[in-house]
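**Q**
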Amino acid sequence: MSSQAWINLAYLTASMLFIVAFKQMSGPRTAVRGNLLGAAGMAIAIIAACFEQPVTMSIAAHGIWPLLLLLFFAAIGGGIGATMAIRWPMTGMPQMVALLNGFGGAASMLVAAAELSSTRAVARFGEEARQAVAATSLEPWTQFAIAIGLACFIGSVTLTGSLVAFGKLHELPQFKKPWDNPNRQWISLALALAALFLLWGVFSTSQLLFFLLLVLVAAALGVTLTLPIGGADMPVVICLLNSYSGLAAAAAGFVIDNSVLVIAGSLVGASGLILTAIMCRAMNRSLVGVLFGGLGTTTTIDADEVYAGKIKSADTEELAMVLEQADRVVIVPGYGLAVAQAQHAVRELADVLEERGTSIAYAIHPVAGRMPGHMNVLLAEADIPYEQLCEMDDINPAFPETDVAIVIGANDVVNPAARNDPDSPIAGMPILDVDKAQTVIVIKRSLSPGFAGIPNPLFAADNTLMYFADGKKALIDLTAAIARE
Amino acid sequence: MNIVLFANVLPLLATAPSPGEDPASRFIRLLTVFLLAMWVGFEVITKVPQRLHTPLTSGSNAISGVTVVGALVVAGSLTTGFGTLFGLMAVLLAMINVAGGFVVTHRMLEMFNPKKK
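So the protein sequences, as listed, match chains A and B. Numbering-wise, the first sequence is residues 1 to 485 according to this note's numbering. Numbering-wise, the second sequence is residues 486 to 602 according to this note's numbering.
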């Protein structure tokens, strides 16, 4: 068997390991092993890459140092990545994933750029250099031209989009305010059209100038597409960028004619698209609606009409008494809890109640937190038992038998208008049926609307008690009041 | 999982790029691999439990760092200064993605593991 055949066999093994890894990562019992198998596949693919012909030929020509150079850079990158991963707090997981996505996209773009540079050198230096690179040609309408164009385009969008997402999630001051330029859709559209034109230019002429312009336009497009997206829509953006980084890797695979890149890249692309679809469904929004900003409807519902005279506000002592008499309590943590980093405070309240014999469950909406499934990770980090974390469809039938539902930092996902009012902008959105509980306690700073910008009839319901306070402080005070009894 | 699908994909994976292959058929070969792998991806990840969404995102993010393979090949060929520089930068960034992604996913999944507590 030739050495290339062994390398291909190694790539095949790696690809199979990636597929098995994905399969196992979607099951709770096998996920740890799935992740390790994925890492093993990656190790095999990396070792195999070091035996590829271009690498072995430059080792033959220059001695061992090219390999050492590669391993040196790989080791630095691996070291940085592992250190980041160990130190990064769990609340910051969304921005870390965004940052890593951006790096992946940038790497795919750079692979295409490096290959482009090498191929142009081949054209200049002729046969001698051709030996060292894969037999590719920079003719118009070839696989090479198309793939380089796409890798540059997707990689560049992924890079800048991810960096902007990182800035927003990390709450850098420059990104505090959403970009509300009324012409933003037109700007994005113009950039998208320019990118399409440049892609066509790259495919049909392979001019270097077009490649450079394409990278720049794609970078601008990544920024304008991500900037206007609101905080609550971030889960969708993370999934989408994840998908892009996979597609960029697949495009890079077309550039260097490498099947493991194509397979792994398209697996990631597919998983990102599936999660994007799940997130959009959970928010009852179309992907186009998320990407091009706003809900698309201006609400005419008058908040005063809904709330006037019907809001019952309670103080700490009253709430402590209500909670003391409850047998079954369901806690509904939302985006606001993640922002307030109040997961440990929630856990302490639950501990005090459990000591008194109250049963506790957590109802988690699919888009709670700042990335898909983020709330589960935050609560698991606070040592909240896994069995108490309930998905929406499992917990909804249990609300009528629930004595007290505590809503912390959630709004739209518990708005009964989604179920009752067919004219509501969020009509049909899947919600947690907290209004069916005996008593509902809503911990919230004010009556300000959630992301959908509409009033929530839950706050005015007969069985709802409002507790106006910062989520974390409210939980600590409540815990202390119950513990005093 | 569709067995027929696997039977279709496997031989394609094993096909090495042969020197005599014309560009169009090479493109179609890779396109076939791409589309079938997309389909495998959709089939494998149909129903993910909600609590695994974050680890799945970060784990798949790590796998998208597979572009490090391409980075090693282009950087290792040492054809031009720019090519090598871009390639080495790509190796660095892709390795941050790979190592960061796998380690952080492991860290998260360990937190979900009740036996550790």
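Note that the Cβ used here is the ideal one computed from N, Cα and C, for glycine as well. Nothing here was measured: the structure is a model prediction, and the numbers come from that model.
From Ser-58(A), Gln-438(A), Arg-484(A), pick the residue whose C-alpha is nearest to that of Arg-356(A); which is it?
**A** Nearest of Ser-58(A), Gln-438(A), Arg-484(A) to Arg-356(A), Cα basis: Arg-484(A).
**Q** Between the C-alpha atoms of Phe-519(B) and Leu-110(A), what's the straight-line distance to the nearest angstrom?
**A** 21 angstroms
**Q** Where does Leu-437(A) sit, in a helix, a strand or coil, going by DSSP?
**A** The sequence shown places Ala at residue 437(A), rather than the Leu named in the question. Looking at Ala-437(A) - three-state DSSP - the assignment turns out to be coil, as it is neither helix nor strand.
**Q** Please list the partners that Pro-28(A) has in chain B, where partner means a Cβ-to-Cβ separation under 8 angstroms.
**A** Pro-534, Arg-536, Leu-537, Phe-597, listed in chain order.
**Q** Glu-354(A) touches chain B at which residues, Cβ-Cβ below 9 angstroms?
**A** Per Cβ cutoff of 9 angstroms: no residues; Glu-354(A) is ~16 angstroms from chain B at best.
**Q** At the level of alpha carbons, what is the spacing between Gln-143(A) and Leu-273(A)?
**A** 25 angstroms
**Q** Report the residue from Thr-552(B), Ser-562(B), Ser-545(B), Leu-541(B) whose alpha carbon sits nearest the alpha carbon of Gly-63(A).
**A** Ser-562(B)
**Q** In three-state DSSP terms, what is Phe-51(A)?
**A** coil
**Q** Tell me whether Gln-95(A) is buried or exposed, calling it buried when 16 or more other Cβ atoms sit within 10 Å of its Cβ.
**A** buried
**Q** Starting from Glu-391(A), trace the beta strand (DSSP E) in both directions and tell me its first and last residue.
**A** 389-391
**Q** Determine the closest residue to Gln-24(A) out of Arg-514(B), Thr-531(B), Gly-568(B), Gly-585(B), with distance taken between C-alpha atoms.
**A** Thr-531(B)
**Q** Whose CA, out of Val-202(A), Lys-310(A), Pro-425(A), Ala-270(A), lies closest to the CA of Gly-246(A)?
**A** Ala-270(A)
**Q** When you compare only the Cα positions, how much space is there between Ala-134(A) and Ala-114(A)?
**A** Note that Ala-134(A) scores a pLDDT of 46, beneath 50, so its modelled location is shaky; the value from the coordinates is reported in the next line. A direct Cα-to-Cα measurement between Ala-134(A) and Ala-114(A) gives close to 13 angstroms.
**Q** Who are Ser-359(A)'s beta bridge partners in DSSP?
**A** Arg-328(A)
**Q** Considering only C-alpha positions, which residue in the set Asp-351(A), Ser-424(A), Ile-44(A), Gly-336(A) is nearest to Glu-324(A)?
**A** Asp-351(A)
**Q** Which residue from Ala-509(B), Asp-507(B), Ser-510(B), Phe-527(B) puts its Cα closest to that of Ile-263(A)?
**A** Phe-527(B)
**Q** With a floor of 3 residues, list each beta strand (DSSP E) that falls wholly inside the region 189-269 of chain A, ordered by position along the chain.
**A** none
**Q** Going by alpha carbons, who is nearest to Ala-575(B) out of Ala-82(A), Val-97(A), Leu-71(A)?
**A** The shortest Cα separation from Ala-575(B) among Ala-82(A), Val-97(A), Leu-71(A) belongs to Leu-71(A).
**Q** Terminal residues of the continuous beta strand (DSSP E) containing Ala-465(A)?
**A** Rather than Ala, the amino acid found at residue 465(A) in this sequence is Leu. First-last of the beta strand (DSSP E) with Leu-465(A): 464-468.
**Q** Whole beta strand (DSSP E) runs in the region 337-416 of chain A with 3 or more residues, listed along the chain?
**A** 359-364, 389-391, 404-408
**Q** If we ignore side chains and look at the alpha-carbon of each, how far apart do Leu-193(A) and Ile-154(A) end up?
**A** 15 angstroms
**Q** As a quick exercise: from Trp-179(A), Trp-200(A), Gly-161(A), Lys-168(A), pick the residue whose alpha carbon is nearest that of Ile-148(A).
**A** Trp-200(A)
**Q** From the DSSP output, in three-state form, read off Ala-135(A) for me.
**A** At Ala-135(A), the pLDDT of 44 sits below 50, so the modelled position is not reliable and the matter cannot be decided from this model.
**Q** Can you have a look at Val-486(A) and say buried or exposed, based on whether 16 or more other CB atoms are within 10 angstroms of its CB?
**A** Since the first and last residues shown for chain A are 1 and 485, residue 486(A) lies out of range.
**Q** Any beta-carbon of chain B closer than 9 angstroms to the one on Met-466(A)?
**A** Closer than 9 angstroms: no.
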